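*Asks:* In mature numbering (1 follows the signal peptide of the UniProt record, and there is no 0), the protein residues as written are -25 to -1, 1 to 361. Beta carbons are placed, not taken as given, at the ideal position from N, Cα and C, and that holds for glycine. Every value quoted in this text rests on a predicted model; they were computed, and no experiment measured them.
1) Would the stretch 74 to 89 count as touching the stretch 205 to 223 if we require 3 or more Cβ pairs under 8 Å?
2) In the DSSP output, which residue or residues are listed as bridge partners for residue 242?
3) Which residue from 193, 175, 178, 171 puts its Cα closest to that of residue 157?
4) If we require 4 or more residues per run, which alpha helix (DSSP H) segments fall completely within the stretch 168 to 235?
5) Which of helix, strand or coil does DSSP assign to residue 336?
6) So if DSSP puts residue 164 in a beta bridge, which residue, or which two residues, is it bridged to?
7) Just curious, the alpha helix (DSSP H) that residue 124 is in, first and last residue?
8) Compute the Euclidean distance between the alpha carbons of residue 142 and residue 166, then round it to the nearest angstrom.
9) Give me whichever residues DSSP pairs with residue 110 in a beta bridge.
10) Going by C-alpha distance, which of 92, 101, 175, 262 is nearest residue 148?
11) Apart from the five residues just before and just after residue 292, which ones in its own chain have a Cβ nearer than 6 Å to its Cβ?
12) Determine, using beta carbons only, whether residue 221 and residue 243 come nearer to each other than 7 Å.
13) DSSP three-state call for residue 31: helix, strand or coil?
14) State the DSSP-derived secondary structure class of residue 354, mapped to helix, strand or coil.
15) Going by beta-carbon coordinates alone, are residue 88 and residue 72 separated by less than 7 Å?
16) Residues in its own chain within less than 7 Å of residue 349 by CB, not counting five upstream and five downstream?
17) In whole angstroms, give me the CA-to-CA distance for residue 197 and residue 96.
18) Leaving out five residues on either side along the sequence, give the residues of the same chain with a beta carbon under 7 Å from the beta carbon of residue 323.
19) Between residue 312 and the rest of its own chain, which residues show a CB-CB distance below 8 Å, the 5 nearest in sequence each way excluded?
20) Does the separation of the CB atoms of residue 129 and residue 160 fall below 7 Å?
21) Apart from the five residues on each side of it in sequence, which residues of its chain come closer than 7 Å, Cβ to Cβ, to residue 315?
22) For residue 155, which three-state DSSP category applies?
23) Where do the ends of the beta strand (DSSP E) carrying residue 255 lie?
24) One question on the structure: do residue 327 and residue 295 come within less than 7 Å of each other, judged by their Cβ atoms?
25) In this structure, does DSSP put residue 5 in helix, strand or coil?
26) Roughly how many angstroms separate the alpha carbons of residue 236 and residue 181, rounded to a whole number?
27) State the beta-bridge partners of residue 36 as determined by DSSP.
28) Specify, as a first and last residue, the run of the beta strand (DSSP E) that residue 329 falls within.
29) Whose C-beta lies closer than 7 Å to the C-beta of residue 354 among residues of the same chain, with five residues either side of it excluded?
30) Looking at residue 299 and residue 317, is the spacing between their C-beta atoms short of 7 Å?
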């Protein structure tokens, strides 16, 4: 009997030890970014912001595992499978390009691991069904950006627009969303062209756009590859306003574009124009605090929208993890499911790029408080009053 009691006591002690160990389990965050390749200008600033994250999330030690997908969707999927199957992460953050995020839906849904992406296109989270229920998105949707852009166009007498965009999911999403809001505001799309991120020339496409004689031209791309069509427009003598998307908001765009990108009009999020935001903007305090901290570390003028999106992942996780820990522990399927569920319940959560209110039908959660118009003026991104 004593031996039996001793055995029971030993098992109880072991059980207590296992519970204590589980309670102290690290939260593993698997991060896939385009730190090299055509989208590196986006991935690098995202990573810079993540390197500023605290060492704990909701009081639990965090383990951040970074992988580079070299701007290749196939590599992104391989990275995410490794993070899920070998590193056993609780959540995926990234990718930061649309084709990679779309390809990542299969592994995250198969493993039931929540994913917080950093892309602009809403295609990864809309409609909220099937594999997409495991995906969330930090950046404002193309739809909301197209809304604020076409409103500005309408207010400034733009009646016809020529479009040139990436020949991929980003360009397709922007064409669809812009067309919808343009029609709503009686703006006619008179010419449509595409180009690849790695193209060395777009002269043919630009000549076709200019032949249509639009009031304005919209370039739908992200990062430094968006400079090429704008420079070609200037070289060919286009005198109308040139609009770009929120994907341009990096110092590299201004540095590479120089005088050719002065006066560019674009929709953006609060971080990019933090210092010139109206004093009453609800995200100004958070946007300005992050901008100051980021630029103190990485240099004046270095902050980007993508850095702001990445910075916002941390408060999103902090908010959801605190609730998920009440029902499950990191490293378990139950915790991954609880975290996915709790990410749906952010309420008036202020992040550097806006205010988040998510729901089972909305895995972005940003409203028009996350969309403003900007202009490049004297080599800087500046808030533009509508």
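*Replies:* In short:
1) no
2) 348
3) 193
4) 178 to 186, 202 to 210, 226 to 232
5) coil
6) 136
7) 117 to 130
8) 15 Å
9) 90
10) 101
11) 32
12) yes
13) strand
14) coil
15) no
16) 241, 243, 247, 248, 356, 357, 358, 359
17) 11 Å
18) 330, 332
19) 87, 303
20) yes
21) 89, 109
22) helix
23) Premise fails: residue 255 is in no beta strand (DSSP E) and is neither H nor E.
24) no
25) strand
26) 16 Å
27) 31
28) 329 to 331
29) 229
30) yes
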